[in-house]
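Inspection log for the structure reproduced underneath, given as C-alpha cells.
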Amino acid sequence: METDKWGRRIRAFRKLKGFTQERLAESLGVSVSVFGEIERGTRLPTDHMLRKISEVLGVSVEELTPEDERMK
1 METDKWGRRI
11 RAFRKLKGFT
21 QERLAESLGV
31 SVSVFGEIER
41 GTRLPTDHML
51 RKISEVLGVS
61 VEELTPEDER
71 MK
C-alpha cells in the first residue's frame with residue numbers, strides 16, 4: 001500500500017469539499033500535524049480514520065481508496 005496515493009486522494013477530496021487541514025483535523029479529533037502526515041503520505045490512515053474521514057467529507061471509503069488498491 002502506497003501511503004502517498006492515499007494522502008493525495010484525501011487531500012483532493014478535502015479541497016473539493018472546502019475543508020482546510022485545520023478544520024478537517026479538528027472534526028476528526030486529531031492534530032493538524034497528524035493529519036498533515038496522512039496527506040503527505042508519511043502516515044497511513046487506519047481503517048477507523050478512513051471511516052471518520054469519509055463520514056466528515058460525505059464520501060465513501062471506496063471513493064477515498066486509490067484505484068489500484070480497490071482491485072485487491
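Per the UniProt record's numbering, the sequence shown runs over residues 1 to 72. Where is the CB? At the ideal position from N, CA and C, for every residue including glycine.
Query, Result
"For Val-34, the three-state DSSP class (helix, strand or coil)", "helix"
"Cβ-based neighbour list, Arg-43, same chain, cut-off 8 Å, excluding 5 preceding and 5 following", "Thr-3, Val-34, Glu-37"
"Coarse secondary structure for Val-59, derived from DSSP in three states", "coil"
"Residue from Glu-69, Arg-70, Pro-45, Lys-52 with nearest C-alpha to Ser-27", "Lys-52"
"Exposed unless 16 or more other CB atoms sit within 10 angstroms - verdict on Ala-25", "buried"
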